[in-house]
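Peer 1: First residue of the sequence shown? That's 1 in the numbering used here, and the numbers climb one at a time after it.
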Amino acid sequence: MARFKRILLKLSGESLMGEKQYGIDEKRLGEYAQQIKEIHDLGVQIGIVIGGGNFWRGRSSETIDRNKADQIGMLATVMNCIYVSEIFRSVGMKTAILTPFECGSFTKLFSKDRANKYFEHGMVVFFAGGTGHPYFSTDTALVLRAVEMEADIILSGKSIDGVYDSDPAVNPDAKKYDEIDINEVINQRLGVIDLAAAVLCMENHMPMYVFGLNEENSIVNAMTGHFAGEIRLAYLYDNGSVSLVTGGSVNGSIIDAQHDLVFSEERYDSSAYSGPYAVLLKDVPVSGTV
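In structure tokens, the structure reads:
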């Protein structure tokens, strides 16, 4: 059962390459499409932002003007969205592509009303072309569209399996965070999303779950909240409210989610509360939130 009504999914450009060094691996893309269709068929409204890194990394260029380099990157995201949209259609989903600038007959110009109309008609909506302005990444565009479209959550699929304190491809001792506050992402300048996107998340209280696309059924698991493994949470009652002591965080009230929890035999006793010290998570979305 899906836990979200409307989600914004980010697919990195690199994730489209599969085993290739450049471009798009259609077999890998077909796997993504089948997973997303499984969730779409449950009635979840799905918006998608795709990076352009499988075609273009403008910031690595030392000769091209930054404005032009970013414009090429925006067009790379449009190409990816057109391609992915057609693969989605081939497995039975209806799609629409919106851009913040005119692309002739290739796409439609973005507006919230138009996007909502497409969602109401059961279409998967692609938000291509970034923000339409240089100096803003697809991460910033992702958060901006999620806030504008009042999404329940951002799901950011990457080639690595979560948030680290440094690049695990470079540092084999990189520490993985099961949960991290958005303020720490900003203060430590972690590279999971750029600073502008992180600040936008923080100011608008937009939750984000970062997950690895290389794991089996990773998109389905992220969209339904059925994450691998079980996480123990300790909690205390204090004047009627719940305070999490360790572990991850619950998407919503732990009290409302108790039907998905199994209470442990451990006990916690204090003047304020006497009862189970920990709960064993089953289907409640946790971990990886920023």
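Glycine residues also receive a C-beta, built at the ideal position from the N, C-alpha and C atoms. Here the structure is a predicted model, which means the values were calculated and not measured.
Taking just the CA atoms, how far does residue 121 sit from residue 14?
Peer 2: Each residue's Cα considered, the two are about 30 Å apart.
Peer 1: Just to confirm my understanding: we take residue 200, look at its own chain, exclude 5 residues before and 5 after, and list those with CB closer than 8 Å. What are they?
Peer 2: Correct list, in chain order: 140, 143, 144, 147 and 206.
Peer 1: Measuring only the C-alpha atoms, how far is residue 249 from residue 209?
Peer 2: The predicted position of residue 249 is uncertain, since its pLDDT is 40 and thus under 50; a value taken from the coordinates is nonetheless stated next. Looking at the two C-alpha atoms, the distance is approximately 11 Å.
Peer 1: Can you give me the start and stop residues for the alpha helix (DSSP H) that residue 200 sits inside?
Peer 2: 195–204 is the extent of the alpha helix (DSSP H) around residue 200.
Peer 1: Is the beta carbon of residue 211 less than 7 Å from the beta carbon of residue 198?
Peer 2: The answer is no: Cβ separation not under 7 Å.
Peer 1: Check residue 94 in the structure and name its three-state DSSP category.
Peer 2: Coil, per DSSP.
Peer 1: So what does DSSP say about residue 209, is it helix, strand or coil?
Peer 2: Strand at residue 209.
Peer 1: Could you check whether the segment 94–110 touches the segment 119–133, counting it as contact only if at least three pairs of C-beta atoms, one from each stretch, sit closer than 8 Å?
Peer 2: In short, these stretches touch, since the Cβ pair count reaches three.
Peer 1: Using the C-alpha atoms, what's the distance from residue 62 back to residue 56?
Peer 2: About 13 Å.
Peer 1: Of the residues 37, 136, 77 and 40, which one's Cα is nearest the Cα of residue 12?
Peer 2: Closest by alpha carbon: 77.
Peer 1: Do the CB positions of residue 109 and residue 127 come within less than 7 Å of each other?
Peer 2: Not a contact, by the Cβ cut-off of 7 Å.
Peer 1: Under 8 Å Cβ to Cβ from residue 88, same chain only, skipping five residues before and after it: list those, please.
Peer 2: Result list for residue 88: 33, 36, 37, 95 and 124, in chain order.
Peer 1: Are the beta-carbon atoms of residue 172 and residue 67 separated by less than 7 Å?
Peer 2: Not in contact: residue 172 and residue 67 (Cβ atoms no closer than 7 Å).
Peer 1: Classify residue 4 as helix, strand or coil using the three-state DSSP reduction.
Peer 2: Note: residue 4 maps to coil in three-state DSSP.
Peer 1: Label residue 118 either buried or exposed according to how many other C-beta atoms from any shown protein chain fall within 10 Å of its C-beta, with 16 as the threshold for buried.
Peer 2: Result: buried.
Peer 1: Just to confirm before moving on: does the CB-CB distance between residue 53 and residue 101 stay below 7 Å?
Peer 2: Cβ atoms of residue 53 and residue 101: not closer than 7 Å.
Peer 1: What is the residue span of the alpha helix (DSSP H) that residue 155 lies within?
Peer 2: Looking at the DSSP string, residue 155 is not in any alpha helix (DSSP H); the run it does join, the beta strand (DSSP E), is 153–158.
Peer 1: Assuming residue 10 and residue 45 are in contact, meaning their beta carbons sit under 8 Å apart, how far apart are those beta carbons, in whole angstroms?
Peer 2: So it is not a contact: roughly 16 Å between Cβ atoms.
Peer 1: Should residue 111 be labelled buried (16 or more other beta-carbon atoms within 10 Å of its own) or exposed?
Peer 2: That one is exposed.
Peer 1: Leaving out five residues on either side along the sequence, give the residues of the same chain with a beta carbon under 6 Å from the beta carbon of residue 74.
Peer 2: Here the set comprises 129 and 130.
Peer 1: Please report the distance separating the alpha-carbon of residue 258 from that of residue 28.
Peer 2: In this prediction, residue 258 has a pLDDT of 40, which is less than 50 and means its spatial position is unreliable; what the coordinates show is noted afterwards. Approximately 37 Å, taken between the alpha carbons.
Peer 1: Does the Cβ-Cβ distance between residue 16 and residue 47 come in under 7 Å?
Peer 2: Not closer than 7 Å, so no.
Peer 1: Name the one or two DSSP bridge partners that residue 99 has.
Peer 2: Partner(s): 109.
Peer 1: Does the beta-carbon distance from residue 107 to residue 51 come in below 7 Å?
Peer 2: Cβ atoms of residue 107 and residue 51: not closer than 7 Å.
Peer 1: Closer than 6 Å by C-beta to residue 158: which residues in its own chain qualify, once you throw out the five before and the five after it? Chain order, please.
Peer 2: If we look at residue 158 and ignore the five residues flanking it on each side, its Cβ neighbours are 12.
Peer 1: Helix, strand or coil for residue 21? Go by DSSP, reduced to three states.
Peer 2: It is coil, neither helix nor strand.
Peer 1: What's the gap between the Cα of residue 232 and the Cα of residue 213?
Peer 2: Note on residue 232: pLDDT 34, under 50, position unreliable in the model; no value is reported.
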